[in-house]
Amino acid sequence: VNSVENLSSSQAILLELLDVWCICESWKERREKICSIMAPLLSLTNHEVEFALTMRTPTLCVTEEAVNIGRVSLNRRSIISNERSIKLGHTRGALQLLERMAMSVKMEEAVLLVGESGVGKTSIVQVLADMRGEKLATVNLGPHSDTDDLITSLRPTSYGRLMQPFTRDFVDLFTRSFDASKNHKFLHNLEVYLMHQKYDEYLRVVEETAKRILSKKRESEWADVVVRCRRLKEGMEKGATPFAIQRGIVKEAAEEGYWLLIDEINLAPPECLDAIVDALSTSHHPSFRLFACMNPATDTAKRRLPEGIRSRFIEYYVSEDDDASDLTKIVSSYLPSASVNSVDAIVRLYIDAKKMFPMKLSLRTLTRALLFAGDGRFDAEMRCLYEAFSMAFLSNLEKEEKECMHKMICSAFPCEKNTSMRRDKDSSMMIEGYEIERGESLPVEDKGYIMTPTVKKNLKEVARIVSSKRLAVLLEGETSAGKTSIVVHLAKITGNVIKRINNHEQTDVQEYLGSYVPDSNGRLYFQEGPLVEAVRKGYWVILDELNLAPSDVIETLNRLLDDNRELLLPESNEVIKAHPRFRLFATQNPAGSYAGRKRLSRALLSRFVVLLFPILPLNELSQMVCARCQIAPSAADRMIKVLMDLRLQRSLSGLFSSKDGLMTLRDVFRWGHRLSCDEGPDWQAALLHHGYFLLAGRCRTDTDKSVVMSTLESVLKGKIDEKWLFSLESPYFPHNLSFDQVILTSNMRRMLVLSWQAFLRNEAVLVVGETGDGKTRLAQTLGGETMMTINCHERTECSDLLGRLRPANNGGFEWQDGVVMSAMKYGRVLLMDEISLAEDSVLERLNPLFEEKRAILLTDSGAQAEEVKAEDAFKVIATMNPGGDYGKKELSKALRNRFTEIWSHSSFDRAELCSIFAMRINDSIDMSVTMKTSYILIDWINDFYHKFAHAIRVSPSVRDIVACADMWSALSGRGLSMERSLLETISSVFIDGIPCQMTRSVTNIKEIQMEAHAMMERMLSMPPHPME
């Protein structure tokens, strides 16, 4: 108010009070209440206050010397550093906001803009910066934003960078002391040394020069040169990684006098905000100004800004322009040549669509369509508008909603839809009628891609968005809906290089932007990530499983996703403008249907054009299986019929798996691949048997198993002989393995057949079963002596699997492969024991390994991002206990679908248990004594646990039999009798531990122990039951 020239003017004072007290309120009722209090105090009518608040339109005039916005005049800078071209509709709301922000700039106030996504908060700051000719730096904050990245940090650097300030100081001192023109050759030679990285020679010459000068005239500045030379030489001789203090973007802007825009400020941690405010409260450049933007705390991952921070800003709430006259101005600013009828049709369509889908449309959606239409890709105006609004307004809509919206668009913009885009024949290609730029690679015909009607429709929608040359695409759909494959296909046929980044719950910004890696000498340097490389070179990027990544990590890409297409690199404060060919795609599964998938915020979703991919119709799915797996159409049709029938059933062990409880789409493709690789003479029998191996092999209950078997036998017209399939004579049995120290029980034979058939097709195997039923022994049999193992637990990290940087003896760092990388490179079998104990977020990092390509992209292992492909002999077998026990859990649905799951039965007959016992006994003990002991022991275990099943929760396992055999063998070898050895064995293995075991009810432990001893003594006095 003190800045008002005429304090007697109530209107002038009112405008200042409105800016400070009223505009920060988001609720219209609260604004009106504040105005009603101010009006009588300023001797103004309510109509005058309402006019100033809602109807007053400031004038805008930009000259070479000044920017005049309403009551504010700002001097323009002589040099305009910005080259943006941002269109702004001169609506009443936009002009009022510009005036308020200009006043804040004049008063040196920090500005906070609050509003929903897509209302133009960051755009209005950029427009004001452009008008004034200011350089605007932008930074996105998130929950993991680091204070060091924003203010100052100590980072690894190179000796080349360390030489830059030293060289600058030396040249400045030298040119002040001597004539530069006479010493041009000397300075040029120094530049050559630096250019060829001959730092030793460079420092030697500089030091000798400084010493000569010091010998003639004593000046402290030249002594400093000598000291700095020696320090640099000492550091280089040690060979260690050099570090240097680097300014963050906030400190750099404050010192250099830039304008700074902090986006998503309410996502940052409080300590980060405190550091920013503290840095700005100290002395800074007089031209420096701070702006901040945030969404209200009403959406996913958004929160309130702490009051202590908020009070440092003057706050303006930015509402969306929804008045028809304002919308007309916006449309006219983007489409100045559009007819009046077209402008009216656009405004009516937006207003009507906004009423129907208020949460899915915003001004960002409208301007996105207007930009696309303004490019004039088609000859007819109506066709341009139809394509533009079809691209933007059909985003993130279900099938029924899409049809309704499409009718509205067709009604608003009637046109002929058979014409194609205009195109540049040399640099682009026509895909489904839309122009897409060629990449730097040669286009490749993708013969393996199957084009069904649904796929063709999806491809057309994706091609339309890609042809806009600026928009990011988010594809959402169920597993195997073809999200990633359609982007890869489009990249192949247009010659564009594609980079794929798999997200997981522990995804870090470094996986996008890059990290410090060791060079050949072990020194750390910053290696740019795949996203930065793609942005610079114009590649296409796929962010797989987007909603698995933490929200704050994705939010750091906001500037890249909107119309700015910029990426800030915190390590160097460099703002990278995206290459014209750069395109960004993301894929995800629906939130709620898959473990770990989160709902993205409205602000983030609005930055994408979202396409919802439906599941392929069954007739097209059959065509897809037939072509992709190279099998006969009749076989594919039968597979789909089995899928349809099993979807009508519900798995008893997977009640919450819905229609996918007994069979998934991945199972169909696995089944087809197995059939195509089978070399047997009877394809129908192979179809039946492999279907049984895949679908019945994982069933955990007899009911589920019988449903699968009856369905297979009914559809495929065959009979399944389980006993023959898992016998030693079966053609599916792996006879080439070594079975030393292995008793081939019925369950072991079954698991060997199921696992071996999966191994032959490079499928990852997941064996689920109770403790002690032979899962680990199965893996050892399949893997042999070279098998590599990792025991998973709750603290398992990605670095345990893939590898990590470790300090080297030379003072640098070196990469050490994890167990997964080692197994892939050397072609070993990898056992992941107790895989379900590890976090799903860690295991999701291995997703690419379980796909057909079997490759993982390592971004932090060395000088270049390395794609490691598995050797042919590499196999994965994972084991786990079923969920329900203490500390045990099931894998997520998405992870289980990537494995071929096998259920291990824990039931053994008496003869198998006796054989296991006998195999562990020392050869010096008579076999008849061993067999008699095994009969008595097995009978005692059966009788004891049957009698006390109501009290003891823990059931015996094969491990208990092995422990008994080892102990009995040791005691008998020491001279104890068979009876005494057996009594001591059951006491140690079973009876002594009963007090420590969990019981089902309150019981007398002493009585149970006494009865156990009595039962064994009675059995020893009687002849054992003969073997059945």
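Heads up, the sequence shown is in full-length UniProt numbering, so the first residue is 1 and it goes up one at a time.
Glycine residues also receive a C-beta, built at the ideal position from the N, C-alpha and C atoms.
In this text, all values refer to a predicted model and were calculated from it rather than measured experimentally.
Just confirm the distance between the C-beta atoms of residue i and residue j, as a whole number of angstroms; I'd bet it's less than 8 Å.
{"i": "Leu616", "j": "Ile640", "result": "Not a contact, Cβ separation roughly 10 Å."}
{"i": "Tyr826", "j": "Glu785", "result": "Wrong, their Cβ atoms sit about 13 Å apart, outside the cutoff."}
{"i": "Thr484", "j": "Asn897", "result": "With 8 Å as the limit, Thr484 and Asn897 do not qualify as a contact, their Cβ atoms being about 15 Å apart."}
{"i": "Ala586", "j": "Ala472", "result": "7 Å"}
Can you give me the C-alpha to C-alpha distance between residue i and residue j, rounded to a whole angstrom?
{"i": "Met236", "j": "Ser836", "result": "48 Å"}
{"i": "Glu401", "j": "Asn266", "result": "33 Å"}
{"i": "Pro734", "j": "Arg761", "result": "14 Å"}
{"i": "Leu983", "j": "Leu937", "result": "10 Å"}
{"i": "Gln816", "j": "Leu154", "result": "25 Å"}
{"i": "Ile346", "j": "Ala412", "result": "7 Å"}
{"i": "Lys360", "j": "Arg599", "result": "14 Å"}
{"i": "Gln506", "j": "Arg597", "result": "13 Å"}
{"i": "Val67", "j": "Cys61", "result": "6 Å"}
{"i": "Leu805", "j": "Glu511", "result": "15 Å"}
{"i": "Ser81", "j": "Glu134", "result": "Note that Ser81 scores a pLDDT of 47, beneath 50, so its modelled location is shaky; the value from the coordinates is reported in the next line. Their backbone Cα atoms lie some 6 Å apart in a straight line."}
{"i": "Leu655", "j": "Asp702", "result": "Below a pLDDT of 50, predicted positions are generally treated as unreliable, and Leu655, at 46, falls in that range; the measurement from the model is reported next regardless. If you take the alpha carbons of Leu655 and Asp702, they lie about 15 Å apart."}
{"i": "Met919", "j": "Gln741", "result": "7 Å"}
{"i": "residue 1034", "j": "Leu335", "result": "Past the boundaries of the shown model lies residue 1034; the chain is included only from 1 to 1028, so the question cannot be answered."}
{"i": "Arg204", "j": "Leu569", "result": "35 Å"}
{"i": "Glu1028", "j": "Lys717", "result": "Residue placement at Glu1028 is poorly supported in this model, since its pLDDT is 44, which falls under 50; the coordinates still yield a value, given next. Distance between the alpha carbons of Glu1028 and Lys717: 36 Å."}
{"i": "Met103", "j": "Glu65", "result": "17 Å"}
{"i": "Thr900", "j": "Lys492", "result": "30 Å"}
{"i": "Ser1021", "j": "Ile916", "result": "24 Å"}
{"i": "Cys415", "j": "Ser342", "result": "12 Å"}
{"i": "Phe166", "j": "Leu260", "result": "29 Å"}
{"i": "Arg464", "j": "Phe378", "result": "12 Å"}
{"i": "Arg132", "j": "Glu255", "result": "19 Å"}
{"i": "Ile431", "j": "Leu611", "result": "18 Å"}
{"i": "Pro270", "j": "Ile276", "result": "10 Å"}
{"i": "Met294", "j": "Val114", "result": "5 Å"}
{"i": "Glu797", "j": "Ile309", "result": "36 Å"}
On the DSSP bridge list, what partners appear for residue i?
{"i": "Pro156", "result": "Phe243"}
{"i": "Tyr516", "result": "Phe526"}
{"i": "Pro807", "result": "Phe813"}
{"i": "Tyr317", "result": "Val114"}
{"i": "Leu605", "result": "Leu605 is not bridged to any residue."}
{"i": "Tyr434", "result": "Ile431"}
{"i": "Gly133", "result": "Paired residue(s): none; Gly133 is not in a bridge."}
{"i": "Asp588", "result": "Sequence inspection shows Gln at residue 588; the Asp mentioned does not correspond to that position. Looking at the DSSP assignment, Gln588 forms a beta bridge with Glu476."}
{"i": "Val610", "result": "Leu474"}
{"i": "Cys293", "result": "Leu113, Asp263"}
Exposed or buried, which one is residue i when buried takes at least 16 other CB atoms within 10 Å?
{"i": "His188", "result": "exposed"}
{"i": "His690", "result": "buried"}
{"i": "Lys121", "result": "buried"}
{"i": "Glu814", "result": "exposed"}
{"i": "Ile282", "result": "This sequence places Thr at residue 282; Ile is not what is there. Exposed: under 16 other Cβ atoms inside 10 Å."}
{"i": "Asp149", "result": "buried"}
{"i": "Ile245", "result": "exposed"}
{"i": "Gln126", "result": "buried"}
{"i": "Gln164", "result": "exposed"}
{"i": "His489", "result": "buried"}
{"i": "His1013", "result": "exposed"}
{"i": "Glu83", "result": "At Glu83, the pLDDT of 48 sits below 50, so the modelled position is not reliable and the matter cannot be decided from this model."}
{"i": "Val929", "result": "exposed"}
{"i": "Asp552", "result": "buried"}
{"i": "Val340", "result": "exposed"}
Checking contacts by CB at 7 Å: is residue i closer than that to chain C?
{"i": "Met356", "result": "Chain labels in this structure do not include chain C; a single protein chain is all it has."}
In chain order, each beta strand (DSSP E) run of at least 3 residues that lies wholly inside the region 360–417 = none
Give, in chain order, every unbroken run of the alpha helix (DSSP H) that is at least 4 residues long and sits entirely within the region 465–510.
-> 483–494
What residue ranges within the region 703–789 form continuous beta strand (DSSP E) runs of no fewer than 3 residues, ordered along the chain?
-> 765–769
Please go through the region 953–1016 and give each complete beta strand (DSSP E) segment of 3 or more residues, from N-terminal end onward.
-> none
What are the start and end residues of each continuous alpha helix (DSSP H) run of 4 or more residues lying completely inside the region 40–104, in chain order?
-> 46–50
Could you tell me which uninterrupted beta strand (DSSP E) segments, each at least 3 residues in length, are contained entirely in the region 541–591, listed from first to last along the chain?
-> 566–569, 574–577, 583–588
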